[in-house]
Every structure is written in C-alpha cells, then in structure tokens.
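Per our numbering, numbering through the sequence shown is continuous, rising by one, with the last residue being 502.
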Amino acid sequence: MPRRLESTPQSDGFRMPAEWERHAGCWMLWPQRRDTWRNGGKPAQRAFVEVASQIARFERVSMGVNRDQYENARAMLPPQVRVVELSNNDAWMRDCGATFVVNKRGDVRGVDWRFNAWGGLDKLMYFPWDQDQLVATKMLEIEGIDRYAAPFVLEGGSIHVDGEGTVITTEQCLLHPNRNPQLSRAQIEQLLADYLGIRHIIWLPRGVYEDETDGHVDNLCCYARAGVVAMTWTDDRSDPQYERSAAAYEALMSARDAQGRGLEIHKIHQPAPMTMTTDEAAGLDVVDSAFRRPVGERLAGSYINFYIANGAIIMPIFGDRHDAAAAQKLAALFPQREIVRIQAREILLGGGNIHCITQQQPAGS
138 MPRRLESTPQ SDGFRMPAEW ERHAGCWMLW PQRRDTWRNG GKPAQRAFVE
188 VASQIARFER VSMGVNRDQY ENARAMLPPQ VRVVELSNND AWMRDCGATF
238 VVNKRGDVRG VDWRFNAWGG LDKLMYFPWD QDQLVATKML EIEGIDRYAA
288 PFVLEGGSIH VDGEGTVITT EQCLLHPNRN PQLSRAQIEQ LLADYLGIRH
338 IIWLPRGVYE DETDGHVDNL CCYARAGVVA MTWTDDRSDP QYERSAAAYE
388 ALMSARDAQG RGLEIHKIHQ PAPMTMTTDE AAGLDVVDSA FRRPVGERLA
438 GSYINFYIAN GAIIMPIFGD RHDAAAAQKL AALFPQREIV RIQAREILLG
488 GGNIHCITQQ QPAGS
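Structure follows, in structure tokens:
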C-alpha cells in the first residue's frame, strides 16, 4: 500500500522533473460542470476527447470521471484512453492533481498540495471543492505511489521547473492573500524548495490579463529546456497584457537560474483579444456558489498553455491569424517533437487551456 510520508521530497533526495523528461503517462479529468462548461459540457467534452486522443498517440492517458459520467466518457473516448471513476468537482487536473517527483534511482513519489479552488471563499470560483481536494490522494492510490502531503495551498499551474533546481512562478499568484495568508514570502520560498526539490526561484510580477487563477505562470511563461523559456507577448502597447508581458520580460532578462545561467527568451505573440459571446454566456448555468462569466468578458488566451508529451507538443489554437506563427515558433523550440494543434476555444471558455487540464506522470526507472 502507498504510504503518506512525513518527510519532504528535498530531504529524501527527490525533485520535480522537467515536463520534457520521459513520461509514464498523463492524467486528465472529465468536464461536466454546467456553470463552467456551456451547453451541459458537451462542447468541452468533445475538446477534451480530442486532447486525450492526441496525447494517447504518444503516452498513456488516464481520464478521471464522476460516476454519473462514466458510461458517457467511456463511449466518447478511444479505447486506448484509460477511464477511471474518480470523483471531482471540476476538470482542472493540473491544479488539483498530484505533482510527481523523482530521485536519482528513478523512484517516483507524489506531492499532494492543499487546494482551495483558486482562492477559497474569498474568491468563490465554485463551492464545494471537497472532491477536488481528494483527487491527488486517489490518483496516487491507483498508481501505488507514496504521497507527501504539502502543508500549504498551491496549484500545479502556478509553477514551471527546469528539472535542474529552478522554478518560475508569479508573485500575483503565490503571494496572493487568498492562498496562504499565514505564510511570508520567505516561508513560501522555503516550502517550494522543500516540496519541489529546487534551489532557486525566478519571480515574475503578474500573469496573463484577466486570468481567473490570479496569474498562473503556465499561461504566461514556461521552460522549453533548461536555460530556455517561452513567454506570451503582444506588440500592442494599448493592450493591458503589454505591460504584464514587458514586466515579465524584464524580470527574465535579469534572472539567473540555479546553475548561474542567464535565460534565452522566446516571445510568442498572443492570439488577438477574445471575449465571451452572447451565445457562449447563455449556455452556462447560473449558480450562486460559482464564478459568473458574463458576455464580453476577456478570455485569457495564450499559446504558452501547451502540454509537452513524449514526442509531441499538444498546443491550443483559436482560429486566429497568430496560430500558424505560434506553431512555427514551437516547432523551432522543440525540433524533435511533433506539433499537434487543437482547436481549444471551448477549453478557454472554462477558464484555462491544455496545460491546465493535463498532468504528466514521469516514467521513473
């Protein structure tokens, strides 16, 4: 039986590997919340099927589903995708699922972060989130993997690591008072070191404009390989995103990683600003205990929110004039991987994108 460990990953010689390191598989959760996903979740389910089907070409995919959606998900998903009954409140596996860590022998363990749905009752994205809080424990039980229970709130989308001792994150998210108000910046830095096995933190000021997660880094900036990052950009100085991207660029330009390297930075132009249409907003159920998405709301679209699979990049596109250029830049950054484009507006309408709905499980030994 897997154990709950009282030590920390760092003290046991474990680290969070980079996303490009070899995977045993990928975890996802099935969308069905009617106040998050329009039209009863059916358009989002079709988009999730496409993401899962494409990733499954390169690695095993496990889809967690609630009991009432098991038969539907099993029928919609291809047979090579494993469907697991796994109770949840919503479909953001990156944020509520386990983060995996490895040691030099190739042993794999999991970190179970505290989850409060991006700000708890102060923000009320949705309530309750009790089943999401159990997702990490359950997926580690399924895999028979020992678990570290981290003593603070953190979502997987708020961190990106290079696997060599550095994590990139945003002050907007990790220092937000709706996450860990009892902890100082120094205490949060120590906990990141303890549970990710990192030695150095690169702090960016803010995330993407109107990102509901309080600025998750995975929508703004990510590692392509050690010492090399990609970030979202706009040339439009009148766009509120310009100031945010410019500030992130300056922080990255002056940063050094745990190895003492400066960073090679690649700008990927964001899609043109998108907003929720009347028809899209009308398809959402209105619930008092959930965040409301009105007509005209700016969507936090970004090409950075992609998933690095074994042998592929699974990237979002939006039918935008910048789609092709973004794919070309990712192809140049990942020359050994196939670039797979997914029409991802339906995922974006729920508040995130492809990286947000996936979580890699490293291969280990």
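Glycine is no exception: its CB is placed at the ideal position from the N, C-alpha and C atoms.
Over what stretch of residues does the alpha helix (DSSP H) that includes residue i continue unbroken?
i: residue 272; result: 267 to 280
i: residue 468; result: 460 to 470
i: residue 349; result: Segment: none, residue 349 is in no alpha helix (DSSP H) and carries neither H nor E.
i: residue 416; result: 415 to 419
i: residue 513; result: Only positions 138 to 502 of the chain appear in this structure, which leaves residue 513 out of reach.
i: residue 138; result: From DSSP, residue 138 is part of no alpha helix (DSSP H); its letter is neither H nor E.
i: residue 180; result: 179 to 192
Could you name the residues that DSSP lists as bridge partners for residue i?
i: residue 337; result: 303
i: residue 249; result: 286
i: residue 160; result: 499
i: residue 263; result: 427
i: residue 401; result: 365
i: residue 220; result: 200
i: residue 297; result: 305
i: residue 312; result: Its beta-bridge partners do not exist; DSSP assigns none.
i: residue 446; result: 449
i: residue 152; result: 239
i: residue 370; result: 406
Does residue i come out as helix, strand or coil in the three-state DSSP assignment?
i: residue 327; result: helix
i: residue 237; result: strand
i: residue 441; result: coil
i: residue 197; result: strand
i: residue 480; result: strand
i: residue 453; result: strand
i: residue 475; result: strand
i: residue 360; result: strand
i: residue 165; result: strand
i: residue 230; result: helix
i: residue 214; result: coil
i: residue 322; result: helix
i: residue 291; result: coil
Short of 7 angstroms in beta carbon distance, which residues of its chain neighbour residue i, apart from the five on each side in sequence? Order them along the chain.
i: residue 462; result: 406
i: residue 497; result: 156, 160, 163
i: residue 177; result: 171
i: residue 447; result: 159, 160, 195, 196
i: residue 311; result: 295, 325
With a cut-off of 8 angstroms on the beta carbons, I'd call residue i and residue j a contact; round off their distance for me.
i: residue 306; j: residue 340; result: 7 angstroms
i: residue 389; j: residue 175; result: Residue 389 to residue 175, Cβ: 36 angstroms. No contact.
i: residue 435; j: residue 410; result: 6 angstroms
i: residue 121; j: residue 315; result: With the chain covering 138 to 502 only, the question about residue 121 has no answer from this structure.
i: residue 187; j: residue 300; result: Actually they do not touch by this definition, with Cβ atoms about 29 angstroms apart.
i: residue 337; j: residue 281; result: Their Cβ separation, rounded to whole angstroms, is 32 angstroms, which puts residue 337 and residue 281 out of contact at 8 angstroms.
i: residue 213; j: residue 182; result: 6 angstroms
i: residue 297; j: residue 359; result: 5 angstroms
Within its chain, find whatever has a CB closer than 8 angstroms to the CB of residue i; leave out the 5 residues flanking it on each side and keep chain order.
i: residue 392; result: 339, 399, 400
i: residue 249; result: 235, 273, 274, 277, 284, 285, 286, 287
i: residue 88; result: For residue 88 there is no data in the structure shown, the boundaries of the chain being 138 and 502.
i: residue 413; result: 430, 431, 432, 433, 434, 436, 486
Might you give, ordered along the chain, the residues of its own chain that have their beta carbon closer than 6 angstroms to the beta carbon of residue i, omitting 5 neighbours on each side?
i: residue 460; result: 454
i: residue 444; result: 451, 491, 492, 495
i: residue 268; result: 224, 225, 226
i: residue 331; result: 145, 147
i: residue 125; result: Because the chain is modelled from 138 through 502, residue 125 falls outside the range shown and cannot be assessed.
Run the proximity test for residue i: is its beta-carbon closer than 7 angstroms to any non-hydrogen atom belonging to the ligand PLP?
i: residue 277; result: This structure lacks the ligand PLP; in fact it carries no ligand of any kind.
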